[in-house]
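Novice: Here you go, one structure.
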Amino acid sequence: MIYVLIIFITLFVAALAWVAILKSENHDLKDTAITLKVLKDGKWLGAQEWQSEVTQEVDQWKEKYWDENRLHLDTRLELDHYTQVAIDLQAQIDELTITKTTEEQPEQGTFVKQRKLSAATPDTYRNVFDLDINGQRVLDHLQLTFANKSTYVRGGQDAERESCYRAGQASVIGFIFNQVNRANNPDYKESDND
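Take the sequence shown: its letter number 13 is residue 13 in the UniProt record's numbering, and every next letter is one higher.
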């Protein structure tokens with residue numbers, strides 16, 4: 001510990017002596033200044049030469065930086081311009097497609113335009129479900145599927161709902177049969193329905 005203290009005191013005294021020498025009036029600081037030498041690309045450079053080269057490199061990097069910024073800005077402006085052009089062209093395409101679809105196409109062939117459908121008469125039901133064999137098949141299938149089940153279902157509230165549902169299905173089939181039978185009645189006249 002004592003050795004460390006002695007070394008510290010010695011260094012402190014040497015530093016004070018060095019400061020006293022540097023501050024003396026007859027001493028020239030240029031003589032004692034340490035000359036900075038830098039090794040660059042295999043040659044030794046002095047402080048001023050090194051500083052001028054570093055300054056040149058910094059200036060070159062600054063110039064490259066600002067060139068990149070200008071290029072980036074130019075590219076961004078060009079991209080914005082072409083994006084706006086693409087949006088305008090897409091809007092024109094949309095307008096043209098809308099106008100083409102709204103134009104009336106000329107009708108070709110024979111079309112029958114019916115303004116209002118008249119209500120189905122018992123003769124209509126007879127023609128569809130009694131005289132046509134396919135209509136008879138459809139009516140038999142509907143009767144087997146919906147009308148031949150019991151409409152009553154045991155149970156609580158859900159059963160009541162199901163009973164009403166089944167009764168509604170059966171009533172549709174019953175209505176079709178009533179219309180066919182009405183048309184087959186010899187006393188039926190089409191004028192009675194009007």
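Glycine residues also receive a C-beta, built at the ideal position from the N, C-alpha and C atoms. Bear in mind the structure is a predicted one, so any value in this text is a computation, not a measurement.
Consult DSSP for Y82 and reduce its assignment to one of helix, strand or coil.
Specialist: helix
Novice: DSSP three-state label for H27, please.
Specialist: In this predicted model, H27 has a pLDDT of only 49, less than 50, meaning its place in the structure is not dependable; the value taken from the coordinates is given anyway. The answer is coil: DSSP assigns H27 none of H, G, I, E or B.
Novice: Closest to residue 203 by CA distance: which of P122, T83 and R115 is it?
Specialist: Any question about residue 203 goes unanswered here, given that the chain covers just 1 to 194.
Novice: Count the other CB atoms, across all protein chains shown, that sit within 10 Å of the CB of A183; report buried if there are 16 or more and exposed otherwise.
Specialist: buried
Novice: Tell me which residue opens and which closes the alpha helix (DSSP H) that A120 is part of.
Specialist: That residue, A120, is in no alpha helix (DSSP H); it is neither H nor E in DSSP.
Novice: Say whether the stretch 141-149 touches the stretch 77-97, bearing in mind that this needs 3 or more beta-carbon pairs closer than 8 angstroms, one atom from each stretch.
Specialist: No contact exists between the stretch 141-149 and the stretch 77-97.
Novice: Count the other C-beta atoms from every protein chain shown that fall within 10 angstroms of the C-beta of E95, then say buried if there are 16 or more, exposed otherwise.
Specialist: exposed
Novice: Using DSSP with H/G/I as helix, E/B as strand and the rest coil, what is N185?
Specialist: coil
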